[in-house]
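Working notes for the structure below.
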Amino acid sequence: MRGDAGARSSSAAGVSAPVAVIGLGAMGRALAAAFLAAGRPVTVWNRTAARADELVERGAVRAASPAEALAAAPLVVVCLLDHATMREVLAPAAAGLRGRTLVNLTNGSPAGAAEMAAWVGGHGGEYLDGGIMAVPTTVATPGAFVLYSGERRIFDAHREALAELGDARHLGEDIGLAALHDLALLGAMNLMFDGFHHAVALATSRKEGSAVGVTELLVPWLTSMLGLLPAFAAEVDAELATGEEPRLIQGLDVQFAALANIMAASREAGVSTAPLEPGLTALRALRAEGRDTWSAPASVRLLREAPPDRSRPTLRTPSAREVTVDPR
Numbered sequence: 001m002r003g004d005a006g007a008r009s010s011s012a013a014g015v016s017a018p019v020a021v022i023g024l025g026a027m028g029r030a031l032a033a034a035f036l037a038a039g040r041p042v043t044v045w046n047r048t049a050a051r052a053d054e055l056v057e058r059g060a061v062r063a064a065s066p067a068e069a070l071a072a073a074p075l076v077v078v079c080l081l082d083h084a085t086m087r088e089v090l091a092p093a094a095a096g097l098r099g100r101t102l103v104n105l106t107n108g109s110p111a112g113a114a115e116m117a118a119w120v121g122g123h124g125g126e127y128l129d130g131g132i133m134a135v136p137t138t139v140a141t142p143g144a145f146v147l148y149s150g151e152r153r154i155f156d157a158h159r160e161a162l163a164e165l166g167d168a169r170h171l172g173e174d175i176g177l178a179a180l181h182d183l184a185l186l187g188a189m190n191l192m193f194d195g196f197h198h199a200v201a202l203a204t205s206r207k208e209g210s211a212v213g214v215t216e217l218l219v220p221w222l223t224s225m226l227g228l229l230p231a232f233a234a235e236v237d238a239e240l241a242t243g244e245e246p247r248l249i250q251g252l253d254v255q256f257a258a259l260a261n262i263m264a265a266s267r268e269a270g271v272s273t274a275p276l277e278p279g280l281t282a283l284r285a286l287r288a289e290g291r292d293t294w295s296a297p298a299s300v301r302l303l304r305e306a307p308p309d310r311s312r313p314t315l316r317t318p319s320a321r322e323v324t325v326d327p328r
């Protein structure tokens with residue numbers, strides 16, 4: 001077990017530069033454990049000190065305060081509940097940010113990332129924003145990756161340490177890019193789970209149905225559908241860049257008919273159709289524009305240009321009369 005926290009020299013050959021981790025929820029503990037597993041000196045701090053016990057047994061140093069954690073290492077990784085908590089924790093120790101690089105792996109918004117970068121910079125520190133694309137049990141495994149944004153020179157200076165958490169991907173110098181992509185990916189995941197829950201509810205509405213049975217069919221089906229995404233993405237970029245018309249299209253009548261059947265079957269089974277309503281809203285919007293086909297670029301454009309009432313539809317169950325093949 002190491003002694004009290006304090007600044008350490010990393011000049012000795014073969015000694016990795018130390019790192020401090022502030023915030024020891026499930027994810028913060030996983031991050032600190034990954035640094036320890038890589039042989040890096042680690043100082044940790046958490047408001048509930050007992051959360052550091054296991055890490056201390058493995059060789060980490062328990063800091064008595066955020067200020068002590070900041071003093072212990074040039075690289076400080078923060079993983080807390082939100083940006084407000086981060087400011088609350090760091091504000092009393094703000095003087096200790098000078099000469100430190102703060103890597104924020106707290107989930108937040110692009111605007112919040114910009115505010116934190118300005119605040120840290122105002123106290124003499126350097127800042128990277130990040131988003132962890134892993135759950136605690138998969139940190140530092142081959143499938144894990146972490147998104148970063150901020151100055152490239154700062155990222156490059158600490159890339160070796162950051163790579164110990166998972167594949168380190170620098171998205172650009174716009175400080176909000178990591179948060180933006182983190183939220184985009186989490187949003188897609190949440191919508192996928194909503195679809196999964198609806199599929200399971202529908203399949204298990206019959207005595208012979210089971211969650212395991214429908215999932216055995218769902219996984220290969222969704223896997224095959226995922227193969228379409230790169231082509232859809234290329235068409236979105238092409239339309240944005242040159243106005244090129246998409247080739248991957250489908251008739252709106254086909255889409256409406258399929259959705260009408262899904263919603264009718266759901267109602268018959270007593271299953272809510274609320275998760276499906278945003279799709280119905282999007283199809284109606286395309287029809288309102290005079291379109292008779294669906295395409296990925298058109299759907300993306302509608303979402304980006306949607307007024308608030310369209311982008312956040314009321315989650316209620318439409319009546320049978322509202323969902324028809326042609327609901328004009």
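The opening residue of the sequence shown carries number 1 in the UniProt record's numbering; numbering runs sequentially from there.
Where a beta carbon is used, it is the ideal one built from N, C-alpha and C, also for glycine.
Distance check for residue j and residue i, CA to CA, integer angstroms please.
{"i": "residue 125", "j": "residue 229", "result": "40 Å"}
{"i": "residue 143", "j": "residue 219", "result": "18 Å"}
{"i": "residue 195", "j": "residue 34", "result": "33 Å"}
{"i": "residue 289", "j": "residue 244", "result": "18 Å"}
{"i": "residue 87", "j": "residue 29", "result": "20 Å"}
{"i": "residue 363", "j": "residue 116", "result": "This structure cannot settle anything about residue 363, because the visible part of the chain is limited to 1 through 328."}
{"i": "residue 306", "j": "residue 169", "result": "31 Å"}
{"i": "residue 269", "j": "residue 113", "result": "45 Å"}
{"i": "residue 234", "j": "residue 187", "result": "20 Å"}
{"i": "residue 139", "j": "residue 257", "result": "43 Å"}
Contact defined as beta carbons within less than 8 Å: I believe residue i pairs with residue j. What is the distance between those atoms, to the nearest angstrom?
{"i": "residue 185", "j": "residue 133", "result": "6 Å"}
{"i": "residue 191", "j": "residue 155", "result": "About 30 Å; that fails the 8 Å criterion."}
{"i": "residue 280", "j": "residue 259", "result": "6 Å"}
{"i": "residue 331", "j": "residue 283", "result": "The requested residue 331 is not part of the displayed model; the chain covers only 1 to 328."}
{"i": "residue 20", "j": "residue 90", "result": "With a Cβ gap of about 12 Å, residue 20 and residue 90 do not count as contacting."}
{"i": "residue 40", "j": "residue 164", "result": "7 Å"}
Is there a Cβ of chain D sitting closer than 8 Å to that of residue i, yes or no?
{"i": "residue 192", "result": "The question asks about chain D, but that chain is absent: this structure has only one protein chain."}
Going by alpha carbons, who is nearest to residue i out of the options?
{"i": "residue 172", "options": "156, 246, 149, 77", "result": "149"}
{"i": "residue 57", "options": "102, 153, 44, 303", "result": "44"}
{"i": "residue 79", "options": "153, 260, 108", "result": "108"}
{"i": "residue 16", "options": "305, 270, 160", "result": "160"}
{"i": "residue 23", "options": "306, 62, 40", "result": "62"}
{"i": "residue 222", "options": "206, 210, 193, 236", "result": "193"}
{"i": "residue 238", "options": "254, 203, 295, 208", "result": "295"}
{"i": "residue 231", "options": "217, 246, 241", "result": "246"}
{"i": "residue 27", "options": "137, 42, 41", "result": "137"}
{"i": "residue 75", "options": "96, 278, 212", "result": "96"}
{"i": "residue 122", "options": "98, 213, 25, 85", "result": "98"}
{"i": "residue 135", "options": "151, 118, 166", "result": "166"}
Using the rule of at least 16 other Cβ atoms within 10 Å of the residue's Cβ for burial, across every protein chain shown, is residue i buried or exposed?
{"i": "residue 200", "result": "buried"}
{"i": "residue 100", "result": "buried"}
{"i": "residue 54", "result": "exposed"}
{"i": "residue 226", "result": "exposed"}
{"i": "residue 82", "result": "exposed"}
{"i": "residue 261", "result": "exposed"}
{"i": "residue 68", "result": "buried"}
{"i": "residue 66", "result": "buried"}
Can residue i and residue j be called in contact, C-beta distance under 8 Å?
{"i": "residue 103", "j": "residue 77", "result": "yes"}
{"i": "residue 250", "j": "residue 293", "result": "yes"}
{"i": "residue 60", "j": "residue 73", "result": "no"}
{"i": "residue 291", "j": "residue 298", "result": "yes"}
{"i": "residue 105", "j": "residue 31", "result": "yes"}
{"i": "residue 92", "j": "residue 198", "result": "no"}
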